[in-house]
Structure formats: structure tokens, C-alpha cells
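Right, one structure below, let's go through it.
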Amino acid sequence: MLRSFKKDFAKVGDHCGQIYGAAGSVSTFSFSSKRYSIPFVPERLISEPIQPLTETADTSRMAIGEPGLPQKFIWRGRTISIKAVLRSWRETGKCRHGSPEMYVRKHWFEVATESDGIMKLYFERQARRGKKGARWWLFSIRELE
2 MLRSFKKDFA
12 KVGDHCGQIY
22 GAAGSVSTFS
32 FSSKRYSIPF
42 VPERLISEPI
52 QPLTETADTS
62 RMAIGEPGLP
72 QKFIWRGRTI
82 SIKAVLRSWR
92 ETGKCRHGSP
102 EMYVRKHWFE
112 VATESDGIMK
122 LYFERQARRG
132 KKGARWWLFS
142 IRELE
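Going by our numbering, 132 is the number at position 131 of the sequence shown; the sequence numbering is gapless.
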């Protein structure tokens, strides 16, 4: 599914660091000294909670306050496996009580999956509906051609 890639790709726009290109374009990136090819296709908004399989979480980043990204999760009754993390970033916001301090609100991950293409996931530092609300969300999918 992910193959060695070409260096030429169409940079059509840039939104929050995300490069968008015309369908059929090729994006380039490397991960763990491997090179991958990702044909650009439209990104489809999902915005649904996912159920992480906690036993597969990467606990190494938890020591510095980041969430443990699950290597597998359940979405719409299917188990999705993460093949590689393409990039990650944080979304910050001002204190909600008037202080000038900035806080991390969400941790974002763009991941390559075994069968579903490229997915953007995020982890909310505070659940939407108190303690019982979902904290892991599938934001969008960019399916491979």
C-alpha cells in the first residue's frame, strides 16, 4: 500500500502545516529510515469517537505528559491497526479562568493505517461530557487510491 515515493508533488495549499494536493499527486515523507508514497486524495471529515485498545498503547510518551497513542482502536465495529505515525502536534489555548497561561487542549496524530489510508486522530485533555465523555476521536480519513 505505501511504496517508495517520488520527490515531486503538487503543493496546492497549506493549512496548519498540512499540505494538500490534487488527486493523483504524491506526498513524500520518511519514517524510521523508510520512505513512503502517499497519493493525495480528498480528506473526508469523520469527527467520531473511537475506542482505543489500551493494551496496545505506546506508554513511552506518557512519562512526559503525552497520551499513549494506541496501536489499535475500534471504529464503527472494526479494529483499525496503526502502521506508522506520520506526524504529531499539539493544540493549545488560553486558561479558561482568566490567567494568561497557555494549556494543551488536544494532542493530534496523523497516522498511516494497515488498510484504511491516512487518519487524523486527536486526544482531548479534558473529556467533553465530564469524566464519562470520549477522549480519543477520529477527525478525518484520507483514503489511498
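Using N, Cα and C, we set each Cβ at its ideal position, and we do this for glycine too.
Remember, it's a predicted structure, so these values are computed and weren't measured experimentally.
Between the alpha carbons of residue 86 and residue 117 lies a distance of about 14 Å.
Residue ranges of uninterrupted beta strand (DSSP E) with 3 or more members, entirely inside the region 44-98 and ordered along the chain, are 45-50, 73-76, 79-95. Remark: C-beta atoms of residue 109 and residue 51 do not approach each other more closely than 9 Å.
As the crow flies, the alpha-carbon of residue 47 is around 7 Å from that of residue 142. Spatial neighbours of residue 125 in its own chain (CB-CB distance under 6 Å, excluding positions within 5 residues in sequence) are listed in chain order as 107, 136. Excluding its 5 nearest sequence neighbours in each direction, residue 102 has C-beta neighbours in its own chain below 7 Å: 96, listed in chain order. According to the DSSP assignment, residue 141 belongs to the beta strand (DSSP E) that extends over 137-143.
Measuring C-alpha to C-alpha distances from residue 82 to each of 121, 72, 90, 63 identifies 72 as the nearest. With respect to the C-alpha of residue 70, the residue from 45, 84, 79, 78 having the closest C-alpha is 84.
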